[in-house]
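Position in the sequence shown counted from 1, then plus 1, gives you my numbering. Positions of the beta carbon are idealized from the N, C-alpha and C atoms, including for glycine. For reference, the structure discussed in these notes is given below.
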Amino acid sequence: MNEVYLDYNASAPLDPRVDEAMMPILTGSVGNASSVHRFGRRQAAAVDDARGQVAALVGGRASGVVFTSGATEANNLALRGAAEAAEGRRRMLVSAVEHASVARPARWLAERGLVKLDVIEVTSGGFVEPAAMEQLVGDDVAVVSVMAANSETGVLNPVAEIAERVHSAGALLHCDATQLVGRLPFDMAAAGVDLVSMSGHKICGPGGTGALVGTRQALGRLEPLLHGGGHERGLRSGSLNVAGIVGLGAAARLALDERESESARVGVLRDRLVAELEARVEGVSQNGDTARRLPNTANLRFAGADAEAVMANMDPVAVSIGSACSTGSIEPSAVLLAMGLSHEAAFESVRFSLGRFTTASEVDTAVQSAAAAVERVRSLV
Ligand code: PMP
Numbered sequence: 002m003n004e005v006y007l008d009y010n011a012s013a014p015l016d017p018r019v020d021e022a023m024m025p026i027l028t029g030s031v032g033n034a035s036s037v038h039r040f041g042r043r044q045a046a047a048v049d050d051a052r053g054q055v056a057a058l059v060g061g062r063a064s065g066v067v068f069t070s071g072a073t074e075a076n077n078l079a080l081r082g083a084a085e086a087a088e089g090r091r092r093m094l095v096s097a098v099e100h101a102s103v104a105r106p107a108r109w110l111a112e113r114g115l116v117k118l119d120v121i122e123v124t125s126g127g128f129v130e131p132a133a134m135e136q137l138v139g140d141d142v143a144v145v146s147v148m149a150a151n152s153e154t155g156v157l158n159p160v161a162e163i164a165e166r167v168h169s170a171g172a173l174l175h176c177d178a179t180q181l182v183g184r185l186p187f188d189m190a191a192a193g194v195d196l197v198s199m200s201g202h203k204i205c206g207p208g209g210t211g212a213l214v215g216t217r218q219a220l221g222r223l224e225p226l227l228h229g230g231g232h233e234r235g236l237r238s239g240s241l242n243v244a245g246i247v248g249l250g251a252a253a254r255l256a257l258d259e260r261e262s263e264s265a266r267v268g269v270l271r272d273r274l275v276a277e278l279e280a281r282v283e284g285v286s287q288n289g290d291t292a293r294r295l296p297n298t299a300n301l302r303f304a305g306a307d308a309e310a311v312m313a314n315m316d317p318v319a320v321s322i323g324s325a326c327s328t329g330s331i332e333p334s335a336v337l338l339a340m341g342l343s344h345e346a347a348f349e350s351v352r353f354s355l356g357r358f359t360t361a362s363e364v365d366t367a368v369q370s371a372a373a374a375v376e377r378v379r380s381l382v
């Protein structure tokens, strides 16, 4: 059987067109983007183009783009940076379904007494009700962090409605949009989001690249994680990764140009995958509100079949259980538990995430493979 990759939410393959954009920088260019000679200026011009491309993807200003090593760093910069700069505001609100790179820095800050952390609960559908956030927010809150789309379920949050309420309290709204950008339209200015995190390797760009994009006012309310030469408005010192940034910019441009057609195509494939599995396998149910979800993601429970065993039996078809970062530990998915699923249900749930290069025949292969794997695992019980 051929290899099939249905784990785009963990990491998407590099688009050959991104590779093409990066190659001249990797092989033929020299110079530090901060240098004033012509070599440096050429690098800086390439970085500036990418800044515009990234800003366009999220509806931000080019001057508000802070390049980072990925969404993990962007999330840490937003939360730790806001907590350290906050004067008088000592509380932080974080949704119960955030990625570890938001949840853990928030907990780290709370454990050190730097903030008081309140967790915003989610509905059984996996999203934050604006009213649930509103009950917790107040003029002692520095920052609220609610993701745009969940990596495990694909469920979307009502970010604009949340933003209104956060701003009434004078707090900042940080939104980890890593899984949403490039798949659905996102406009931070229209939604009223102050700080947005995104990542290169989720949009068919290079790994180890990403950005925190902020409004002028929000960036002014952050302390840097890295101190040094004062790059990136003093918020992220370190000579720029020019090739990576150019790749990130190219990936952002492609994502903006193609997200609509790609999402429509991928949505049809995802729906076909789910429908076929429901037809062939008994005891399948979907986790998360399917009416508000990314078009590429399905999180399915196969009752009575351990997900880790199902995944192992599906090889060489790649899917995932929980988030990639918690794989390897025996903890059930914190996201699914926060939605009220039992441990048993969480341990029986598998995530399928499709993307730009997924084909119909790959989906058919995955359906066959998953159906056979579930049957095998159930027969062993
Ligand atoms: N946030 C979300 C929602 C993610 O899915 C991921 C990647 N699993 C990250 C942040 C971390 O991104 P990166 O790998 O760029 O650090």
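Neighbour-count burial assignment, residue i, 16 or more Cβ in a 10 Å radius
i, result
"Ala190", "exposed"
"Gln54", "buried"
"Gly356", "buried"
"Thr28", "exposed"
"Thr360", "exposed"
"Asn297", "buried"
"Lys203", "buried"
"Arg92", "buried"
"Ala265", "exposed"
"Gly183", "buried"
"Val98", "buried"
"Phe358", "exposed"
"Glu112", "exposed"
"Glu153", "buried"
heavy atom of the ligand PMP below 8 Å from residue i C-beta
i, result
"Met148", "yes"
"Glu74", "yes"
"Asn10", "yes"
"Gly389", "Absent from the structure is residue 389, since the part of the chain shown begins at 2 and ends at 382."
"Val103", "yes"
"His232", "no"
"His175", "no"
"His344", "no"
"Thr154", "no"
"Lys203", "yes"
"Gly127", "no"
Residue range of the unbroken alpha helix (DSSP H) whose run includes residue i
i, result
"Val368", "Ala361 to Leu381"
"His168", "Val160 to Ser169"
"Ile246", "Val243 to Arg281"
"Leu338", "Ala335 to Ala339"
"Phe348", "His344 to Phe348"
"Phe40", "Arg39 to Val59"
"Leu80", "Ala72 to Ala86"
"Ile121", "Element bounds for Ile121: not the alpha helix (DSSP H) but the beta strand (DSSP E), Lys117 to Ile121."
"Glu180", "What sits at residue 180 in the sequence shown is Gln, not Glu. Run containing Gln180: none; DSSP gives neither H nor E here."
"Val67", "First-last for Val67: Val66 to Thr69, but that is the beta strand (DSSP E), not the alpha helix (DSSP H)."
"Arg18", "Pro17 to Gly29"
"Leu110", "Ala101 to Glu112"
Beta-carbon gap between residue i and residue j smaller than 9 Å
i, j, result
"Val129", "Val123", "yes"
"Val282", "Glu376", "yes"
"Val95", "Leu78", "no"
"Ser334", "Ala11", "no"
"Glu4", "Arg237", "no"
"Pro207", "Leu15", "yes"
"Gln180", "Ala149", "yes"
"Ile322", "Arg294", "no"
"Leu274", "Val364", "yes"
"Gly60", "Phe187", "yes"
"Met312", "Ala373", "no"
"Ser240", "Ser35", "yes"
N- and C-terminal bounds of the beta strand (DSSP E) containing residue i
i, result
"Asn300", "Thr298 to Phe303"
"Ser146", "Val142 to Ser146"
"Val285", "Val285 to Gln287"
"Arg92", "Arg92 to Ser96"
"Leu196", "Leu196 to Ser200"
Given 8 Å as the limit, is there contact between the segment 208-223 and the segment 61-73, that is, 3 or more CB pairs closer than that?
yes
Counting Cβ pairs closer than 8 Å, one from the segment 9-23 and one from the segment 245-252, do we hit at least three?
yes
Counting pairs of beta carbons, one from the segment 155-162 and one from the segment 195-213, are three or more of them closer than 8 Å?
no
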